[in-house]
Amino acid sequence: MKMKKTLSLLLASALSLSLLAGCGGAPQTPPAQSNPPANSGSQGNTSTPETPKGPIKVAALASAYEDAYPGMWKEIGEAFTAETGIEVEVIVDKNLEDVIGPAMQGGDCPDVIHLATGRDKKLTEQFIKDKNIADITDVLSMTVPGESAKVSDKIVGGFTDTSVTNPYGDGKTYLAPMFYGPCGLFYNAGLFEEKGWEVPKTWDEMWELGDKAKAEDIYLFTYPTTGYFDAFFYALMYSVGGADFYNKALVYEEGIWDTPEAQACFDIVAKLASYTNPVTPAQANDQDFAQNQQLILDNKALFCPNGTWLPNEMKDALRADNFKWGMTALPAAKAGGNGASYCWLEQAWIPAQAANIDAAKQFIAFLYSDTACAIFAKGGAVQPVPGITDNFEGDNKMFYSIYDNGADAAMGNFAAYEAVPGLGSVREVFFDPVNSLVNGSMTRDQWVDGIKAGSDQMRAHLVTE
Numbered sequence: 117m118k119m120k121k122t123l124s125l126l127l128a129s130a131l132s133l134s135l136l137a138g139c140g141g142a143p144q145t146p147p148a149q150s151n152p153p154a155n156s157g158s159q160g161n162t163s164t165p166e167t168p169k170g171p172i173k174v175a176a177l178a179s180a181y182e183d184a185y186p187g188m189w190k191e192i193g194e195a196f197t198a199e200t201g202i203e204v205e206v207i208v209d210k211n212l213e214d215v216i217g218p219a220m221q222g223g224d225c226p227d228v229i230h231l232a233t234g235r236d237k238k239l240t241e242q243f244i245k246d247k248n249i250a251d252i253t254d255v256l257s258m259t260v261p262g263e264s265a266k267v268s269d270k271i272v273g274g275f276t277d278t279s280v281t282n283p284y285g286d287g288k289t290y291l292a293p294m295f296y297g298p299c300g301l302f303y304n305a306g307l308f309e310e311k312g313w314e315v316p317k318t319w320d321e322m323w324e325l326g327d328k329a330k331a332e333d334i335y336l337f338t339y340p341t342t343g344y345f346d347a348f349f350y351a352l353m354y355s356v357g358g359a360d361f362y363n364k365a366l367v368y369e370e371g372i373w374d375t376p377e378a379q380a381c382f383d384i385v386a387k388l389a390s391y392t393n394p395v396t397p398a399q400a401n402d403q404d405f406a407q408n409q410q411l412i413l414d415n416k417a418l419f420c421p422n423g424t425w426l427p428n429e430m431k432d433a434l435r436a437d438n439f440k441w442g443m444t445a446l447p448a449a450k451a452g453g454n455g456a457s458y459c460w461l462e463q464a465w466i467p468a469q470a471a472n473i474d475a476a477k478q479f480i481a482f483l484y485s486d487t488a489c490a491i492f493a494k495g496g497a498v499q500p501v502p503g504i505t506d507n508f509e510g511d512n513k514m515f516y517s518i519y520d521n522g523a524d525a526a527m528g529n530f531a532a533y534e535a536v537p538g539l540g541s542v543r544e545v546f547f548d549p550v551n552s553l554v555n556g557s558m559t560r561d562q563w564v565d566g567i568k569a570g571s572d573q574m575r576a577h578l579v580t581e
């Protein structure tokens with residue numbers, strides 16, 4: 117897979133997502149200043165601390181990977197203890213924010229948290245916004261526990277240079293890049309074979325297919341929740357406008373939403389809303405999202421934006437005869453152009469108020485070890501480690517080869533901004549209104565007006581160092 121070459125083309129200057137309070141709720145100074153670890157070392161220090169403190173508490177989201185291999189994180193903790201002697205208490209839950217949130221409000225933070233941005237409760241965004249995440253730049257220079265390689269040697273180039281991992285644009289890494297996977301449009305390849313339909317390469321072809329499907333009582337599109345429109349919209353912006361437009365949009369550059377590229381993106385989303393299964397908005401929440409995913413398996417919708425975890429997530433669901441997973445990048449804006457796929461990247465991080473930062477950094481370093489990668493692979497979770505996809509087969513080979521088949525990769529998030537009274541999150545401003553576009557309670561122009569107004573405030577309150 118040509119990930120390293122592709123990802124090197126991506127801009128890393130955008131900041132990150134946004135929102136509210138940290139461990140104690142009050143704004144903090146940057147963690148590098150407010151809570152320096154005793155043995156953090158310099159970026160040139162390749163050794164690990166000699167006497168890190170423990171035990172440590174690790175909190176991880178119980179995602180589809182944990183479902184596929186129950187006990188995955190527990191085994192990671194045991195392997196780390198066996199290698200380092202540092203005891204680990206592991207907390208794993210599907211509703212992780214509800215489990216750890218109350219104690220964190222009182223200042224009792226886990227030492228390591230595996231929880232990505234983009235979730236409804238925005239806990240990670242809260243810590244980013246308040247600069248309550250520890251600087252882990254020095255981890256890149258540490259030696260992986262049990263190995264001779266440095267952490268930086270075990271991470272594919274480009275993954276620590278994105279706005280997802282470096283949210284403040286200060287050249288420092290705060291969030292460790294974890295499980296990654298290309299996002300795209302999932303569909304029933306068996307149905308396409310049965311009908312003799314071609315996967316659309318352009319949006320014009322997409323609309324033509326939508327009309328064909330509608331004649332057979334099949335909708336063109338659905339989505340799990342509006343949160344999945346972040347990956348969709350990022351890929352759309354990249355395919356329509358390329359890197360220059362994409363990176364200007366991520367920092368809300370003045371006038372960017374009046375450009376022809378932006379208008380084309382808005383037009384596509386608005387038109388797609390008219391081709392979306394109308395039951396989607398009512399089910400687009402954290403409790404019922406799987407029912408929207410089920411629409412693909414039942415041939416009630418053709419395409420659904422998602423990530424490589426979807427097949428595992430739906431592995432026990434009923435499905436139509438001859439169902440077979442397919443995945444494609446978003447179509448090109450015009451014939452001869454490239455489609456695009458957003459590279460979803462989960463994150464692990466250390467709260468600035470964690471009690472055992474040195475030991476926590478050791479744990480982060482261990483996550484890139486061959487031992488940890490092998491354990492994660494049992495659940496289908498893929499670390500951004502060179503060569504890890506070389507021997508993939510079946511669905512995973514298809515998913516991770518998406519960038520080898522002509523699709524551009526998009527990474528990074530909208531820039532973080534300070535809390536502003538009355539201004540919602542990026543998701544609330546940009547993506548949640550899609551539900552209203554689908555059910556007809558909001559027009560395309562009303563949606564765009566909200567984005568322009570929100571972007572003006574976001575740009576005026578960008579989080580800087």
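According to the working numbering, the sequence shown is numbered sequentially starting from 117.
Just so it is clear, CB atoms sit at the ideal spot from N, CA and C, and this is done for glycine as well.
Which runs of the alpha helix (DSSP H), 4 residues or longer, sit entirely within the region 376 to 435? 376 to 390, 396 to 399, 405 to 413, 426 to 429
If you drop the 5 nearest sequence neighbours on each side, which residues of the same chain put their C-beta closer than 7 Å to that of alanine 232? Thr240, Glu462, Gln463
Which residues in the same chain as lysine 494 place their Cβ atom closer than 7 Å to its Cβ, once the five residues preceding and following it in sequence are excluded? Tyr185, Met188
Going by DSSP in three states, valine 255 sits in which element: helix, strand or coil? helix
Can you give me the start and stop residues for the beta strand (DSSP E) that threonine 444 sits inside? Secondary structure note for threonine 444: its beta strand (DSSP E) is the uninterrupted segment 441 to 444.
Given a threshold of 16 other Cβ atoms within 10 Å of its Cβ, counted over all protein chains shown, does asparagine 521 qualify as buried or as exposed? exposed
For alanine 448 versus serine 457, is the C-beta distance shorter than 8 Å? Contact check for alanine 448 against serine 457 fails: the beta carbons are separated by 8 Å or more.
Where serine 485 falls, given that 16 or more other Cβ within 10 Å makes a residue buried: buried
Going by C-alpha to C-alpha distance, which of Gly358, Phe196, Thr253, Phe482 sits closest to aspartate 277? Thr253
C-alpha distance - lysine 568 paired with asparagine 422, whole-angstrom precision: 27 Å
Close Cβ partners of alanine 128 (< 6 Å) along its chain, the five nearest in sequence each way excluded: With a pLDDT of 30 at alanine 128, under the threshold of 50, the modelled position of that residue is not reliable, and the figure given next carries that caveat. These residues qualify, in order along the chain: Asp277, Thr278.
So for glycine 300, helix, strand or coil by DSSP? strand
What is the DSSP secondary structure of aspartate 533, counted as helix, strand or coil? First, the amino acid is wrong: residue 533 is tyrosine here, not aspartate. Three-state DSSP puts tyrosine 533 in a strand.
Decide yes or no for the touch test of the region 278 to 294 against the region 405 to 414: beta carbon pairs closer than 8 Å, at least 3 of them. The answer is no - the region 405 to 414 does not touch the region 278 to 294, with fewer than three Cβ pairs under 8 Å.
Assuming tryptophan 460 is part of the beta strand (DSSP E), what are its boundary residues? 456 to 465
If you count every other CB in all the chains shown that lies within 10 Å of the CB of aspartate 474, and 16 or more means buried, which is it? buried
Along the chain, which unbroken stretches of the alpha helix (DSSP H) at least 4 residues long are found entirely within the region 496 to 534? 510 to 516
With the cut-off set at 8 Å, would you say tyrosine 296 and tryptophan 441 are in Cβ contact? no
Own chain partners of threonine 289 with C-beta closer than 7 Å, once the 5 adjacent residues on each side are dropped: Ile252, Thr253, Leu256, Thr276, Thr281, Asn282
Give the secondary structure of tyrosine 335 by DSSP, where H, G and I count as helix, E and B as strand, and everything else as coil. strand
I think valine 545 touches glycine 566, with their Cβ atoms under 8 Å apart; what is that distance to the nearest whole Å? About 6 Å separates the two Cβ atoms, so the contact holds.
So, is aspartate 346 buried or exposed, given that buried needs 16 or more other C-beta atoms within 10 angstroms? buried
Locate the alpha helix (DSSP H) running through glutamate 194, then write down its first and last residues. 188 to 200
Round the Cβ separation of valine 260 and proline 502 to the nearest angstrom and send it over; I've been treating them as touching at under 8 Å. Not really, about 13 Å apart at Cβ, beyond 8 Å.
Which residues in the same chain as alanine 497 place their Cβ atom closer than 6 Å to its Cβ, once the five residues preceding and following it in sequence are excluded? Tyr181, Phe295
What is the C-beta distance between isoleucine 172 and valine 215, in whole angstroms, given that I count them as a contact (C-beta under 8 Å)? Approximately 17 Å separates the beta-carbon atoms of isoleucine 172 and valine 215; this is outside 8 Å, ruling out the contact.
To the nearest angstrom, how far is the alpha carbon of phenylalanine 196 from that of phenylalanine 482? 7 Å
Report the CB separation of glycine 453 from serine 355 in whole angstroms; it is logged as a contact under 8 Å. 7 Å
Taking 8 Å as the threshold, find out whether the region 384 to 403 comes into contact with the region 547 to 558 through three or more Cβ pairs. The region 384 to 403 makes contact with the region 547 to 558; the number of CB pairs closer than 8 Å reaches 3 or more.
Using CA atoms only, rank isn't needed, just tell me which of Thr375, Ala532, Asp383 is closest to arginine 560. Asp383
Pair within 8 Å by beta-carbon distance, phenylalanine 337 and alanine 398: no
Which residue comes first and which comes last in the alpha helix (DSSP H) that contains aspartate 209? Taken as a continuous stretch (DSSP letters only), aspartate 209 belongs to no alpha helix (DSSP H), being part of the beta strand (DSSP E) at 204 to 209.
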